[in-house]
Structures are given as C-alpha cells and as structure tokens.
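To keep things clear, I will list the structure first and then write my remarks on it.
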Amino acid sequence: LLERDGALQATWGGSPIRDAATGRYHLFFSWFEMPDNSTVPTIKWWYNTSRVAHAVSEYPDRGFEFESVVLPPRGPAFFDGSTTHCPTVLQLPDGSYALFYIGLNCHNFTGADADTHQSECIKHQWIGAAHATSLDGPWERLPQPVLSGRGHHDKAGKPAGSWEGGMVSNPAVVALRNGTLLMAYRGLEDRGMGMATSPAWNGPFRRLNGGAAVLGPASPAHTAVDEDPTMWLSPGGTVQMILHQEGVGGG
Numbered sequence: 005l006l007e008r009d010g011a012l013q014a015t016w017g018g019s020p021i022r023d024a025a026t027g028r029y030h031l032f033f034s035w036f037e038m039p040d041n042s043t044v045p046t047i048k049w050w051y052n053t054s055r056v057a058h059a060v061s062e063y064p065d066r067g068f069e070f071e072s073v074v075l076p077p078r079g080p081a082f083f084d085g086s087t088t089h090c091p092t093v094l095q096l097p098d099g100s101y102a103l104f105y106i107g108l109n110c111h112n113f114t115g116a117d118a119d120t121h122q123s124e125c126i127k128h129q130w131i132g133a134a135h136a137t138s139l140d141g142p143w144e145r146l147p148q149p150v151l152s153g154r155g156h157h158d159k160a161g162k163p164a165g166s167w168e169g170g171m172v173s174n175p176a177v178v179a180l181r182n183g184t185l186l187m188a189y190r191g192l193e194d195r196g197m198g199m200a201t202s203p204a205w206n207g208p209f210r211r212l213n214g215g216a217a218v219l220g221p222a223s224p225a226h227t228a229v230d231e232d233p234t235m236w237l238s239p240g241g242t243v244q245m246i247l248h249q250e251g252v253g254g255g
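Here the sequence shown stands for residues 5 to 255, where the numbers follow my numbering.
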C-alpha cells in the first residue's frame, strides 16, 4: 500500500480521510523509524520507534505516497518525547481538523534494563491532540495530554486504583451533531474501554459513567478484552464502533 524511495514501509494502523475540496485521500498512520533511519517490518519496537506520519493518494485503496512525519518526538520534556503512535483524524464542525494520538516518553526509563525499559514505557501512555486548518498541515500540537490515566500499576504490572492502571491509549473520536466530541479509549492490559466527551478538540475531556469502563473485563458487563476501536456517526445520527475483541470467534 505504501512505498518510500522504492521500499515498502513498516506501518501500523491507519486513519484515512477524504478532502472534499480536492478529492484526495489522506492517511495518517504509525511509521516505525529505527535509529539508523531504516524501517523494519515489525511492531515489536513500536514503543520507542513509532512516529505519526502522513501519506496522500488519488485513490482510497492504492497509490499512497509518503509525505512526511507530522508528529515527531519532542524530546524528554514532553509526554510524547520519544514516541507518537496510533493516530485518528477527524474533521471538526468548523471545517478544521483534529489529530488524536498516543504519546510516550521512554526517556524517563533510559537507565533501566531492556525488559524494564520496554514494560515501563508501555505502561506510561497518554492521549495527545493536534490541530490544523488543512490536512497538509502545519499541525499545532498541545504541550500536555488531553487525557491522562487514572490510578497506577502495582509491582506486578497490574492495574491498581483504577481499571485504567495509570495509562490511556487507542483513542477513537467522533464529532456528534451538536459539536461535542466523543472519545473511546482503553486502559492498561486492555482491561477496559471508557468514554469521554469534550466541547472542543483541545479539551477538557470528561469521563462518562463516573469514569467506569463501558466494555471489557473491568466493565459491569464483564465483556471480552477489547482494543483498537474506530467510531463513526451513521446517517441516522447513532454512534457506531468496530474494534478488536480478543478471544472471541478468533478475534
């Protein structure tokens, strides 16, 4: 689907959107950039190699050309200092665009051994947001997350104090007809999926249902493990969601 300089690119996910003015299709996705400027066809090192990138095509299913990394890591002082991942893009009611994503700062764990470095990085994820008047950018990024995790994880790495376990990730966002933004997100170990709303792309996002999970093992319904949601608004105005449900019918 995507090549750069004649080589197939290692990517994960992808949030497509069509520009009604030009008819072109824009794709925002996770692209893995190794220290030697190469890419590898694996998600194994996503937690410290992923960057949110942008590609464009005249068609929805082929011909995407790599444009640029739109959300590069910002360094140790920021929540997304080492990694940007799992983007979702949408057009706002005023015609501008918002880009939501996961941010990690693995710089906080550089003194740890390799296994601890990886596990601690993954357990510290936040949801960030950026804004632009054009899908071609430039993107204005917020200095702080729009949603941070509640609770923490214990010494065994399990959620404690809240089903979120101190982290939030996998944002899916849809604009409702009244202009409100509805966000679905997950917590540590896919134990649950929650919902939050905001009057604007830059927040504040407030959790619904008192912050309780609405799906997953930690929810009142005790459903299967859920992750990677995508949401959209049907012609009738109802919110639709598709997601990865592990362990049910092969996932």
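Even for Gly, the Cβ is constructed at its ideal location relative to N, Cα and C.
Reduced DSSP category for residue i - H, G, I as helix; E, B as strand; rest coil
i    : result
D119 : helix
Q244 : strand
H111 : helix
T53  : helix
G17  : strand
L96  : coil
L139 : coil
L103 : strand
L192 : helix
E144 : strand
From the options, residue whose alpha carbon lies closest to that of residue i
i    : options               : result
S166 : M235, W205, G215, E69 : G215
L192 : S173, G207, W205      : S173
E168 : V177, V243, D158      : D158
A228 : V243, V74, Q249       : Q249
P221 : Y29, A118, D194, E69  : D194
G27  : Y63, T88, Q122, D117  : Y63
G170 : K162, A160, R154      : R154
N109 : A102, L103, Q148      : Q148
Within 9 Å, strictly: CB atoms of residue i and residue j
i    : j    : result
G99  : F83  : no
L237 : R181 : yes
G198 : A179 : no
S223 : G196 : yes
S138 : V93  : no
I131 : S152 : yes
F68  : A81  : no
Nonlocal neighbours in the same chain, by C-beta distance under 8 Å from residue i, ignoring five residues either side
i    : result
P203 : G183, T184, L185
T201 : T184, L185, L186, M187, F209, R210, L212
N206 : A133, H135, L146, V150
W50  : W16, S34, F36, T87, H89
Whole-angstrom distance between residue j and residue i, CA atom to CA atom
i    : j    : result
V56  : Q129 : 15 Å
A24  : H111 : 40 Å
F32  : G141 : 12 Å
H2   : E71  : Residue coverage of the chain in this structure runs from 5 to 255, which leaves residue 2 outside it and unanswerable.
Y105 : P91  : 4 Å
Y189 : D230 : 10 Å
A164 : E144 : 34 Å
Q244 : G115 : 43 Å
S123 : F113 : 10 Å
Y101 : L75  : 15 Å
I47  : T242 : 34 Å
Cut-off 7 Å between Cβ atoms - residues of its own chain near residue i, not counting five sequence neighbours on either side
i    : result
R78  : D84, G85
G254 : Only weak support is given to the placement of G254: the predicted model assigns it a pLDDT of 46, under 50, and the value that follows is read from those uncertain coordinates. Answer for G254: no residue qualifies.
T15  : L6, F33, S34, W35
D232 : N174, L247, H248
Close Cβ partners of residue i (< 6 Å) along its chain, the five nearest in sequence each way excluded
i    : result
I21  : H30, V93
T234 : A176, I246
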